[in-house]
Amino acid sequence: MSTTDIQSLHGLIVEEDIPLTLEDLCQACCASREHVVAWVVEGVLEPLGETPQDWRFTGASLHRARLALWLTRDLEINLPGVALALDLFDEIAALQAHQQRVGPR
Amino acid sequence: MKFKDYYEVFGVPRDATQDDIKRAYRKLARKYHPDVSKDADADVRFKELGEAYAVLKDPEKRAAYDQVGSQWKAGQDFQPPPGWDAGFEFSGRDFGSGDDPTHSDFFEALFGRQARGRQRPGMHARGQDHHAKVLIDLEDAYRGAQRSISLRMPVPDENGRIALRERKLDVRIPKGIRAGQHLRLAGQGEPGVGEGPPGDLFLEIEFKPHAQFRVVGPDVYLDLPLAPWEAALGCSLTVPTPEGSVQLTIPAGSAAGRQLRLKGKGIPGKAPGDLYAVLTIVLPPAVSENEQAAYRAMAEAFDFNARAAMKG
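Respectively, the protein sequence lines represent chains A and Z.
The numbers in my numbering rise by one with no breaks, and the one at position 28 of the first sequence is 28.
Just add 1000 to wherever you are in the second sequence, counting from 1, and you've got my numbering.
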């Protein structure tokens, strides 16, 4: 395996600097347009904007969309199941945040 | 290059049915998915599972792998025999767990070229976006930092054959970044096909666990242990923060669990986070004669029932 030269790079914070369009999100998580639209309709993803052309997704959607894709494709979970699983992931994240705030007891 | 036994990864025999493989993958993938697992090496295990599944779930790839692999054991030095894949036609770029194209050397040597589809002249397409996780220190988010990261990426050589190359990137971590946020490095993903532009690289930021601070979004939490008299009478203390020490006044009559907020001392940004000192009270042990006398004096001085709220 060879190594290329070191490059110095400036990145942009997706969550603060770049709202993602439907096409951006599909490309970024290798998901089909049909999948992403279905997730929005089911409430798994909540973009700003009314129509698919106007939709703008936050960086948090990127993580959710990749998780939803894994649940859909590899675990073959159906749409309501994906929505439920992601709600439970949110719940776990909220509990972990609470635990972080109060500290180990 | 070491031979990888994909059957061993799933703990199934070589004659396992497709259903057995699917079941074994799902069971292990649930266990090791980085969003579910607490294991430190969950990421690595999950990638390994994804790679093994990409081969074994696809009957064509599995047949080709079986032909090459029947005489090898995991960990043995391995070179694919020339022309090993003659007679196998792989259908396109179906990666399965394809959001992670950074499979092992072994996978790339066997399936790299086929998995990406044979390039036809005149065909142009944008390269895929890639994802990677980067661990940084909490202090980096306060100050910004320059971090060198190493990525393994499939790159076509002059003969059009795909080889894994290690790429070192020097990435500027912007001040104010938070765990879970993504940095997008434009054009640093997979190379495009033909004249298509390259994809982007997304880096997901994670903080290394810190001995002292806990982080929730932009806010930072610190446990601050106090002696009972410090909490009862109040005091002024020097408290560490990720950007140096500050002086903090503990009000008299502070109870354990009380959170004192240092506004704006969390992770910086347009809406900077706060730093919270979470008070804990540590009881000094009563060992010497004097210490025991002090506790006895307290017992006499206070009209205090610790179990006043307890019924029965």
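Idealized CB from N, CA, C, for every residue including glycine.
Problem - Where Pro-1225(Z) falls: helix, strand or coil (DSSP) - result: strand
Exercise for the section: Identify, in the order they occur along the chain, each residue of the same chain with its Cβ nearer than 7 Å to the Cβ of Leu-79(A), setting aside the five sequence neighbours on each side. Expected result: Answer for Leu-79(A): Ala-38, Glu-42, listed in chain order.
Exercise for the section: Please classify Ile-1267(Z): does DSSP put it in a helix, a strand, or coil? Expected result: Reduced to three states, the DSSP call for Ile-1267(Z) is coil.
Exercise for the section: Have a look at Leu-1110(Z), Glu-1166(Z), Asp-1041(Z), Val-1036(Z) and flag the residue whose alpha-carbon is nearest the alpha-carbon of Lys-1002(Z). Expected result: For the set Leu-1110(Z), Glu-1166(Z), Asp-1041(Z), Val-1036(Z), the Cα lying nearest the Cα of Lys-1002(Z) is the one of Leu-1110(Z).
Practice task
Could you tell me how far apart the beta carbons of Gly-1266(Z) and Val-1220(Z) are, in whole angstroms, since I believe they sit closer than 8 Å?
Solution key: 5 Å
Handout entry: Short Cβ contact (8 Å threshold) for Gln-1292(Z) with Ala-1286(Z)
Key = Yes, these two residues count as a Cβ contact at 8 Å.
Problem - Runs of alpha helix (DSSP H) wholly within the segment 1128-1212 of chain Z (minimum 4 residues, chain order) - result: 1138-1143
Handout entry: Option in Ala-1294(Z), Gln-1067(Z), Lys-1133(Z) with minimal Cα separation from Trp-1229(Z)
Key = When each option's Cα is compared against that of Trp-1229(Z), the closest is Ala-1294(Z).
Exercise for the section: Note down the Cα distance separating His-35(A) from Cys-29(A), rounded to an integer number of angstroms. Expected result: 11 Å
Problem - Residues bridged to Asp-90(A) (per DSSP) - result: Paired residues: none, contrary to the question.
Exercise for the section: With Ser-1070(Z) as the anchor, note down where its beta strand (DSSP E) starts and where it stops. Expected result: Where Ser-1070(Z) is concerned, there is no enclosing beta strand (DSSP E), given that its DSSP letter is neither H nor E.
Exercise for the section: Evaluate Lys-1061(Z) with the Cβ neighbour count: other Cβ atoms within 10 Å of its Cβ, from every protein chain shown; 16 or more gives buried, anything less gives exposed. Expected result: buried
Practice task
In the DSSP assignment, find the unbroken alpha helix (DSSP H) run with Val-1044(Z) in it and report its ends.
Solution key: 1042-1056
Handout entry: Host beta strand (DSSP E) of Cys-1235(Z) (start-end)
Key = Where Cys-1235(Z) is concerned, the enclosing beta strand (DSSP E) stretches over 1235-1241.
Practice task
Would you mind reading off the limits of the beta strand (DSSP E) that contains Ser-1245(Z)?
Solution key: 1244-1250
Exercise for the section: Give the interface partners of Ser-8(A) over in chain Z, defined as CB-CB distance under 7 Å, in chain order. Expected result: Asp-1170
Exercise for the section: Indicate the three-state DSSP secondary structure (helix, strand or coil) for Ser-8(A) in the structure shown. Expected result: strand
Problem - Meets three-Cβ-pair contact criterion under 8 Å: the segment 62-75 of chain A and the segment 19-33 of chain A - result: yes
Practice task
Return the residues of the segment 1122-1135 of chain Z that lie within a Cβ-Cβ distance of less than 8 Å from chain A, sorted by chain order.
Solution key: Arg-1126, Gln-1128, Asp-1129, His-1131
Handout entry: Listed by chain order, chain D residues near Pro-1174(Z) by CB distance under 7 Å
Key = Among the protein chains of the structure shown, namely A and Z, there is no chain D.
Practice task
Taking all protein chains shown into account, decide if His-98(A) is buried (16 or more other Cβ within 10 angstroms of its Cβ) or exposed.
Solution key: Within a 10 Å sphere around the beta-carbon of His-98(A) sit fewer than 16 other beta-carbons, which makes this residue exposed.
Practice task
Please list the partners that Ala-1029(Z) has in chain A, where partner means a Cβ-to-Cβ separation under 9 Å.
Solution key: What Ala-1029(Z) touches in chain A: Trp-70, Asp-74, Leu-75.
Problem - Short Cβ contact (8 Å threshold) for Val-1215(Z) with Ala-1277(Z) - result: no
Problem - Exposure label - Val-102(A); buried when at least 16 CB within 10 Å - result: exposed
Problem - DSSP three-state assignment for Cys-29(A), whether helix, strand or coil - result: helix
Exercise for the section: Please state whether DSSP places Phe-1111(Z) in a helix, a strand or coil. Expected result: Residue state, collapsed to three classes: helix.
Problem - Beta carbon of Gly-11(A) nearer than 8 Å to that of Val-1171(Z) - result: yes
Practice task
Would you mind reading off the limits of the beta strand (DSSP E) that contains Ile-1281(Z)?
Solution key: DSSP places Ile-1281(Z) in the uninterrupted beta strand (DSSP E) bounded by 1275-1281.
Handout entry: Anticipated Cβ contact below 8 Å, Leu-1279(Z) with Gly-1257(Z), distance rounded
Key = With a Cβ gap of about 7 Å, Leu-1279(Z) and Gly-1257(Z) count as contacting.
Problem - Ile-1021(Z), DSSP secondary structure in three states - result: Three-state DSSP puts Ile-1021(Z) in a helix.
Exercise for the section: Taking only the alpha-carbon atoms, compute the straight-line gap between Ala-1301(Z) and Leu-1233(Z) and give it to the nearest angstrom. Expected result: 15 Å
Exercise for the section: Output the boundary residues of the alpha helix (DSSP H) element that contains Gln-1292(Z). Expected result: Taken as a continuous stretch (DSSP letters only), the alpha helix (DSSP H) holding Gln-1292(Z) covers 1289-1301.
Practice task
Let me know if Pro-1225(Z) comes out buried or exposed under the rule of 16 or more other beta-carbons within 10 Å of its beta-carbon.
Solution key: exposed
Practice task
Say whether chain Z places a C-beta atom closer than 8 Å to the C-beta of His-63(A).
Solution key: At least one chain Z Cβ lies under 8 Å of His-63(A).
Problem - Interface residues of chain A facing Asp-1223(Z) [CB-CB closer than 7 Å] - result: Gly-103
Handout entry: Lys-1027(Z) in three-state terms, based on DSSP
Key = helix
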